[in-house]
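Per this note's numbering, the sequence shown runs over residues 51 to 130.
By construction, the Cβ of each residue, glycine as well, lies at the ideal position given by its N, Cα and C atoms.
See structure below.
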Amino acid sequence: MSRIEERLLRRFSGLQIVLASVVLGAAGVGPLLLYIAFGPSDGNPIGLGLLAVVTVPVVAVVAGVGVIKMLVEHFTRGRG
């Protein structure tokens, strides 16, 4: 693991990583949902759809890292 990755994982807790992924997901999918709810009925939001398609896998990976880090923190709490 590189030094930068190690510093980032030590700096942020698992909960902070999961919350960051939720915010990132809302920023990526939110515009598409708002366009669907309030945009024109005959609109075709290609760019917003592509943004959502790119954001969802990234959010899934980041949330997975956060959950794994939370589990590691939980099971190693109080040890050395």
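Looking at the structure shown, is G75 part of a helix, part of a strand, or coil, going by DSSP? In the three-state DSSP reduction, G75 falls in the helix class (H, G or I).
Under the rule that 16 or more other beta-carbon atoms within 10 Å means buried, what is I54, buried or exposed? By the Cβ-count criterion, I54 is exposed, with fewer than 16 other Cβ atoms from all chains shown falling within 10 Å of its own Cβ.
Taking 8 Å as the threshold, find out whether the stretch 86-103 comes into contact with the stretch 112-128 through three or more Cβ pairs. Result no; under three Cβ-Cβ pairs closer than 8 Å.
Can you check whether the CB of A113 is closer than 8 Å to the CB of G78? No.
In chain order, what residues of the same chain have a beta carbon less than 6 Å from the beta carbon of S63, not counting five sequence neighbours either side? If we look at S63 and ignore the five residues flanking it on each side, it has no Cβ neighbours.
Given a threshold of 16 other Cβ atoms within 10 Å of its Cβ, counted over all protein chains shown, does S52 qualify as buried or as exposed? With a threshold of 16 other beta carbon atoms within 10 Å, S52 falls short and is exposed.
Thinking just about the alpha-carbon of each residue, which of L74, R60 and E123 is nearest to the one in V106? Scanning L74, R60 and E123 for the CA closest to the CA of V106 turns up L74.
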